[in-house]
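Accompanying notes for the structure given below.
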Amino acid sequence: MSDNCIYWQHRSGDRLSDFYFDDPTLLLAHKDEYYEDFYIGRHTPSDMILRTVGYRRCDPEFQFRHMSFGGRYCIMYVFEGEGYVDGNIVDRGNVIFFDRRRISNFSTHPENLCAYGWITFTGGNSDEIVKKIGLSNKNCIYRIDNIDRAEAIFRDMLYVKHEENTELYMEGCLLRMLSLSEKPKETDVSEVASVGNRYLDSALLYISLNFKDPDFRISDVSTAVGVSENYLRTLFREELGVSMRDYIIEQRINIAVNLLRASNYNITEIAQFCGYTDYKNFFKQFKRRVGVSPSKFKIK
Numbered sequence: 224m225s226d227n228c229i230y231w232q233h234r235s236g237d238r239l240s241d242f243y244f245d246d247p248t249l250l251l252a253h254k255d256e257y258y259e260d261f262y263i264g265r266h267t268p269s270d271m272i273l274r275t276v277g278y279r280r281c282d283p284e285f286q287f288r289h290m291s292f293g294g295r296y297c298i299m300y301v302f303e304g305e306g307y308v309d310g311n312i313v314d315r316g317n318v319i320f321f322d323r324r325r326i327s328n329f330s331t332h333p334e335n336l337c338a339y340g341w342i343t344f345t346g347g348n349s350d351e352i353v354k355k356i357g358l359s360n361k362n363c364i365y366r367i368d369n370i371d372r373a374e375a376i377f378r379d380m381l382y383v384k385h386e387e388n389t390e391l392y393m394e395g396c397l398l399r400m401l402s403l404s405e406k407p408k409e410t411d412v413s414e415v416a417s418v419g420n421r422y423l424d425s426a427l428l429y430i431s432l433n434f435k436d437p438d439f440r441i442s443d444v445s446t447a448v449g450v451s452e453n454y455l456r457t458l459f460r461e462e463l464g465v466s467m468r469d470y471i472i473e474q475r476i477n478i479a480v481n482l483l484r485a486s487n488y489n490i491t492e493i494a495q496f497c498g499y500t501d502y503k504n505f506f507k508q509f510k511r512r513v514g515v516s517p518s519k520f521k522i523k
């Protein structure tokens, strides 16, 4: 589509189909479980302009890695579920302001799927307005109380047809969104000093929710958190004194010990519940850490 026209677009969750409309109400005809709907504004670099506004309902594997915004300001609003932004856990009510010059990462929580909206804008007095609402050129995450109102404005921009000058109306909505996005002055935004701990906390949460999956891999953790696998392995050794692999095995064996003590499941069922498909591997790791085989432990 040309930069000289405005339009709305629907994209299915698998990104295999795109639909373009000049009437936003047509977006409602699509009923995909996972999807992305957005508005594309006209490119007029001399004025502050709303470039895009969108709403995404994430599929369980959704992520963007190494994303940059091409000189635009971008603000994301979390409406449902949880996600990870550069190692930070975000949920409903969180607002994320992205530095235009920094590479950013995002992924949804695989079970508590994230739905979020975003706006991008540039030009004119954008720099001045960003400063007025308490933001700078650093990524930051904060919480607003009026997320319901913000979501209502998003839905109005995306799914309601306005007979008046559409571009002027959308620019007005942009200013309303920016006024709602003012960063509370009392908020203490975490910066680089504690970034390692945030990545580690996010990794531990992800592991606790997924380690019983037999297809679980260490690379899944780094992908969800949005950092390299080597960096995350280093964090585990420096902060916890164990490797990621050993930490995950410990979680599995601890669950197995509790089930052997207090349940009527047989040993094979317990091994499977803890994420093992190979009983010999389960037997070996259990005996190495507990000192006896699972069968002897169950008899005690």
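Numbering (our numbering), first residue to last: 224 to 523.
For every residue, glycine included, the Cβ atom is placed at its ideal position computed from N, Cα and C.
Remember, predicted model here, so these are calculated numbers, not experimental data.
Given this structure, state the Cα-to-Cα distance separating residue i from residue j, to the nearest angstrom.
i	j	result
D371	I326	29 Å
H253	R460	48 Å
P283	I376	26 Å
G264	D443	36 Å
F520	N433	26 Å
S359	E492	54 Å
I367	R315	9 Å
G449	V313	13 Å
G277	L398	16 Å
S431	M380	38 Å
I471	T248	48 Å
F287	I490	40 Å
L391	C228	14 Å
D322	K361	5 Å
Helix, strand or coil for residue i per DSSP?
i	result
E334	coil
I478	helix
S451	coil
I272	strand
R325	coil
T345	strand
V515	coil
C228	coil
I367	coil
R234	strand
E405	coil
E284	coil
C297	strand
V383	coil
Could you check whether residue j and residue i sit closer than 7 Å to each other, using their CB atoms as the reference points?
i	j	result
T275	T331	no
G304	S425	no
L273	E394	yes
S404	I319	no
Y382	G340	no
K354	D246	no
G498	K435	yes
E462	L427	no
Y488	A494	no
R500	P437	One point to set straight first is that residue 500 is Thr, not Arg, in the sequence displayed. Taking 7 Å as the Cβ cut-off, T500 and P437 qualify as a contacting pair.
Go through its chain and collect everything with a Cβ distance to residue i's Cβ below 6 Å, but skip five positions before and after it.
i	result
C281	T331, L336 and C337
N369	L403
T457	none
V308	I319 and F329
Exposed or buried, what is residue i when buried is set at 16 or more other beta-carbons lying within 10 Å of its beta-carbon?
i	result
F505	buried
D455	It is Leu, not Asp, that sits at residue 455 in the sequence shown. Label assigned to L455: buried.
P517	buried
G514	exposed
G464	exposed
T345	buried
C396	buried
A485	exposed
I522	exposed
D530	Residue 530 is absent from the model: the chain starts at 224 and stops at 523.
For residue i, which residues from the same chain have a beta carbon less than 7 Å from its beta carbon, with the 5 sequence-adjacent residues on both sides left out?
i	result
S451	S445
M400	I342, A373 and I376
V415	Because the pLDDT at V415 is just 37, under 50, the model does not fix this residue reliably, and the value given afterwards should be weighed accordingly. The answer is none, since no qualifying residue turns up.
Y429	V444, A447 and V448
N317	V301, I364 and R366
I441	E452, M467 and R468
Spatial neighbours of residue i within its chain, please: C-beta separation below 8 Å, excluding the five flanking residues on both sides.
i	result
I476	C497, Q508, F509, R512 and V513
F244	Y230, W231, Q232, H233 and L250
S466	R456, F459 and R460
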